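Each residue of the sequence shown is one higher than the last, beginning at 13 in the working numbering.
First up is the structure itself, then whatever we jot down about it.
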Amino acid sequence: MKYRQLGKTGWKVSVLGLGASPLGGAFGPVDEKEALRTVATALDLGINLIDVAPFYGSTRAETILGKALKGTSREKYFLATKVGRYGSSPKDFDYSGARVVQSVDESLKRLKLSHIDLIQVHDIEFASFDLLLKETLPALERLKTTGKVRHIGLTAFPLEILKKMTSETRIDTVLSYCRYCLTDITLVRLLSHLKTRKIGVINASPFAMGLLTEKGPPVWHPAPADYRDVCARAIEHCKKRKRDLAKLALQFAVSNTDIATTLVGTSNAKKLRQDVRWIEEPIDEGLLSEVQGVLKPILNRSWLGGLENNA
Ligand code: NAD
């Protein structure tokens with residue numbers, strides 16, 4: 013496993029991190045024993061960053077992680093979780109100072125931990141700027157002084173809002189998803205801005221949340237039908253050459269050294285072992301340019317989300 017510096021946190025994180033949304037059932041039913049095995053496998057393979065959120069499986073992912081990490085030395089991993097988002101309807105977002113403080117305590121309890129290494133404001137495109145600046149971030153800063161959280165990060169899908177917030181605040185990390193993968197590389201536009209400010213970059217969803225795997229995306233995936241069709245064509249292209257598009261997608265996502273880590277989501281130990289093997293092999297440049305040709309019609313074309321002004 014290779015490791016890279018995560019901004020100014022002082023941490024060296026594995027280039028592949030474990031994304032725990034599948035532990036909450038985001039990609040299908042979860043076998044708890046297998047999920048526990050997956051976390052143990054991640055640590056065995058040298059993965060030292062685990063990302064979760066109360067939102068994932070309505071807290072189930074955090075609860076499973078709490079079981080999986082019990083007894084593991086705190087030196088072995090960095091745990092990142094989130095505040096602000098608890099579901100998908102408007103009533104499920106709460107970025108108020110009071111809720112943030114309560115949320116951290118609830119996460120600590122579920123995770124059975126005394127501190128969270130990285131607390132991230134979840135999907136800030138659903139929050140008002142004013143609230144983030146006046147309540148959410150000050151509440152997290154105060155939690156830092158109590159030792160309950162160590163570093164503060166932001167997550168979002170739109171990149172402009174990440175740029176704006178990181179220009180106006182002192183943030184340690186940003187998590188961006190589906191923005192540095194085979195279908196979208198717009199995150200590169202933000203990298204020098206983040207590098208100058210020593211903000212650690214976490215790239216999530218190397219398979220574009222399942223679009224770039226043979227199994228395909230889950231039902232809730234926001235990509236429109238024509239977008240999915242193009243991805244399906246890329247999968248077919250690789251299949252004809254007896255290759256797996258997922259392998260290429262993962263190798264591509266981890267290749268940019270200005271990105272500290274890429275979070276891959278799985279609750280399956282075998283898939284995780286495969287992911288780690290894949291990133292240790294060199295990328296097939298010929299296949300990459302063929303696949304980039306197939307995906308060209310949708311490159312950097314994304315879907316909308318969040319409050320209208322924040323998109
Ligand atoms: P992903 O792109 O990592 O895709 C997950 C899918 O890929 C799952 O169906 C999984 O079974 C499959 N997969 C994994 N390894 C495979 C292999 N070797 N072969 C075939 N299929 C394989 O999407 P993701 O899980 O959404 O993203 C990773 C993590 O990033 C999440 O779990 C979460 O922790 C984080 N994330 C955060 C946000 C946010 O904060 N807003 C958004 C998206 C993702």
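All residues carry an ideal CB built from backbone N, CA and C; glycine is no exception.
If you're wondering where the values come from, they're calculated on a predicted model, not measured in any experiment.
For the stretch 291-321, which segments carrying the beta strand (DSSP E) assignment without a break, of at least 3 residues, lie completely within its bounds, in sequence order? none
Following a CB-centred definition, is residue 60 positioned closer than 7 angstroms to any heavy atom of ligand 1? no
Quick check on DSSP: helix, strand or coil for residue 56? helix
Between the C-alpha atoms of residue 124 and residue 287, what's the straight-line distance to the nearest angstrom? 28 angstroms
Through-space distance from residue 177 to residue 165, alpha-carbon basis: 11 angstroms
Near residue 255, what residues of its chain come up, given a Cβ to Cβ distance below 8 angstroms and the 5 sequence neighbours on each side ignored? 296 and 299
With 16 as the cutoff for other CB atoms within 10 Å, does residue 265 come out buried or exposed? buried
Confirm, please, whether the CB-CB distance from residue 65 to residue 94 is below 8 angstroms. yes
Classify residue 45 as helix, strand or coil using the three-state DSSP reduction. helix
List in chain order: all unbroken alpha helix (DSSP H) runs of 4+ residues lying wholly within the stretch 81-138. 109-123
Evaluate residue 200 with the Cβ neighbour count: other Cβ atoms within 10 Å of its Cβ, from every protein chain shown; 16 or more gives buried, anything less gives exposed. exposed
Is it buried or exposed for residue 207, if we count other Cβ within 10 angstroms and need 16 for buried? exposed
Could you pull out every residue in the same chain whose Cβ sits closer than 6 angstroms to the Cβ of residue 78, ignoring the five residues on either side in sequence? 122, 123 and 124
DSSP three-state call for residue 251: helix, strand or coil? helix
Can you find the residues in the same chain that come closer than 6 angstroms, C-beta to C-beta, to residue 97, ignoring five residues on each side of it along the sequence? 67, 105, 134 and 135
Length of the line joining the Cα atoms of residue 215 and residue 291: 15 angstroms
Inter-residue spacing [alpha-carbon to alpha-carbon] between residue 203 and residue 212: 10 angstroms
C-beta neighbour in chain B for residue 19, strict 8 angstroms: This model lacks chain B altogether, as it is built from one protein chain only.
Of the residues 142, 81 and 84, the one placed nearest residue 108, counting alpha carbons only: 142
State the DSSP-derived secondary structure class of residue 33, mapped to helix, strand or coil. helix
Could you say if the stretch 265-282 and the stretch 151-169 meet the contact criterion of at least three C-beta pairs nearer than 8 angstroms? no
Opposite residue 15 in the DSSP bridges: which residues? 26
Measuring straight from C-alpha to C-alpha, what distance separates residue 284 and residue 45? 15 angstroms
Would you kindly check if the distance between the Cβ of residue 152 and the Cβ of residue 131 is under 8 angstroms? yes
So what does DSSP say about residue 186, is it helix, strand or coil? strand
My guess is that residue 21 and residue 185 are in contact by the Cβ rule of under 8 angstroms, so how many angstroms apart are they, rounded? 7 angstroms
Between residue 280 and ligand 1, is the CB less than 7 angstroms from at least one heavy atom? yes
Beta bridge counterpart(s) of residue 64 as assigned by DSSP: According to DSSP, residue 64 bridges with nothing at all.
Residue 212 in three-state terms, based on DSSP: strand
I need the boundaries of the alpha helix (DSSP H) containing residue 6, first residue and last residue. The question about residue 6 has no answer here: the residues shown for the chain are numbered 13 through 323.
Considering only heavy atoms of ligand 1, does any lie closer than 7 angstroms to the CB of residue 57? no
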